[in-house]
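Just below is one structure, and these are the notes that go with it.
In full-length UniProt numbering, the protein residues as written are 1 to 469.
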C-alpha cells in the first residue's frame, strides 16, 4: 500500500487523507501519483526519485541514520534548523538547504513505485535499466540537473524533470530549432487523418492547374515601371509582393550588397492602379519593422489587413544551423517571417463562394529556411493563395526566375528575360462571345466570369462553408 509524506499545510489546506500530527492537525495526504513525487523507500533499502525540496531525515529512520529498511522521513526546508545529520555531512552538503520539522513527528511507509520522471525506469531505475537509487537537487555540471545516487552509493548525473523535452535548451546547445520536431508539416502529410480535406486539396490543385494561364514574366525595374491597367493590359485579382526589405540585408551577411528598398519606397508603388475590386494582396514583411510598415503600405494601396500568415523556419539541413544570428534591432532570435494579407472591397464568405473558398488552409507554414544569402520564400504560399482566391489574374512583384509559375505574371529586375505582352495576356480573359470579361474595377465579377477559376460539384461538396446569416 502507499504511505504518506509530510507536507506543511498553511491555512489548513490539507484537510483529509493524512495521519494526525503531534499538534492534532492533519499535515499529510495520500501520496498517489503526485506531480512532484515524494521520496519512496524500497524494501531493500534503496530509494526512488527525490524531489528538489524534499530530503531524508536519517534521525527518524530508526536505523542509526543509515538508509535502512521499513520507514523513512521526507521533510521540507524550513526555519527549524539543519536536521540532515550525517548524510548531509557525508555528501558534502549535497543534500541542499536545511530541513524543517523535528524528527519523529511523522513516518513514511512506502512501497517502491515506478517513477514518472522522464528517463527513469521503474523502481528508480534509469532508462528501464532497473538500477535503484534517488536523485538529489543541485547536481550535474554547473549545478544543473540532479545528482543520482545509485544503490552502490556512487554519484552520477541524472536528468532533471522534462530535460528530455527541453527544446529551448537543445536550441542553445546545438542551434537546432524546436520547430524541427514538428510532425506532418508538409501539405502531402498534413491531412493523412482527414481524408475529405486531402481530397479537397487534390481536387482544388487539379482545377487550378487545368485553368492556369501560361507563365508570363517581365524583366523591369519597379522603381521606374509605371503600374497601371493600361501598361499591364488588365487589373488583377490577387497580388503577391516580396520586397527586398532592409531587414534582409541586416540579418544575413550574404545579402549586404543587395539592392534594398525602404518602406517609403515600397509604399510609393502604385498597386492601387492595377488591383481590381474585390481583390487580395499578400505582402511579405519580415519579422521586424516591416510588420508595422507593411500595414501602412496596405492602407495606402486601398487594402485593409485581414490575415497574417506566419512562416516558421526550420533548420534541419542548414549548413549554419549551429550559428546564432545577431541583430541589433531585436532581443530574440528571429526564426519566422510574416506575410500580411489584405482585402480590397467587400467579400462575404457565405454568399461569395465564386470569389473565395475560405478555411481550406491554415495561417501557418512550416518549412526549411533557405541558405544564407537567399530571401526565397516557401512554395506553399502559392498553394494557399490559389486555393483561397478564385481569381485567375495573379501578379507577383519583385520576382526572380524561380518564382515563374503557371497562372502567374511575374515582374522583377532580377529576371533573366521577358515574354509578356499586354494584349496576349488580356485575351486570356474574354467571354465565349469574344467580349472582354474584365471589369476594370467597375463591377463585381459574376459567377462564371472568365476571370474566375470556377468550381466543380465535388469541390462544393467537400469545401468548408460558412452558414448564411
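Ideal placement from N, C-alpha and C gives every residue a C-beta, glycine not left out.
Note that the structure is predicted; figures quoted are calculated from it, not measured.
- Judged by beta-carbon spacing, residue 305 lies beyond the 8 Å limit of residue 269, meaning their Cβ atoms are not closer than that value.
- Assignment of beta-bridge partners to residue 356 by DSSP yields 389.
- Shown here, residue 311 sits in a strand according to DSSP, grouped into three states.
- Taking the C-beta atoms as reference points, residue 284 is found no nearer than 8 Å to residue 247.
- Remark: three or more beta-carbon pairs, one from each stretch, lie closer than 8 Å, so the stretch 388 to 406 and the stretch 217 to 228 are flagged as touching.
- Here the alpha carbon of residue 259 sits roughly 7 Å from the alpha carbon of residue 244.
- With a threshold of 16 other beta carbon atoms within 10 Å, residue 196 falls short and is exposed.
- The shortest CA-to-CA distance from residue 454 to any of 391, 418 and 423 is the one to 391.
- Contact between residue 419 and residue 194 does not hold, since the beta-carbon distance rounds to 40 Å and is not under 8 Å.
- For a cut-off of 8 Å, the C-beta gap from residue 212 to residue 406 is around 4 Å, short enough to register as a contact.
- Taking the CA atoms as reference points, residue 286 sits about 22 Å from residue 171.
- In this structure, residue 204 lies away from residue 381, with their beta-carbon atoms at least 8 Å apart.
- Rounded to the nearest angstrom, the Cβ distance from residue 344 to residue 275 is 6 Å, consistent with a contact under 8 Å.
- Between residue 456 and residue 207, the gap from beta carbon to beta carbon is short of 8 Å.
- Residue state for residue 171 is assigned as helix, using DSSP reduced to three classes.
- Excluding its 5 nearest sequence neighbours in each direction, residue 356 has C-beta neighbours in its own chain below 7 Å: 347, 349, 388, 389 and 390, listed in chain order.
- When C-alpha distances from residue 188 are compared across 182, 178, 202 and 311, the shortest belongs to 202.
- Cα atoms of residue 227 and residue 235: separation of roughly 10 Å, rounded to the nearest angstrom.
- Between residue 408 and residue 384, the alpha-carbon positions lie close to 14 Å from each other.
- In this structure, the alpha-carbon of residue 265 lies about 24 Å from that of residue 417.
- Taken in chain order, the unbroken stretches of beta strand (DSSP E) that lie wholly in the stretch 210 to 252 and span 3 residues or more are 216 to 219 and 236 to 241.
- Distance from the CA atom of residue 425 to the CA atom of residue 233, rounded to whole angstroms, is 7 Å.
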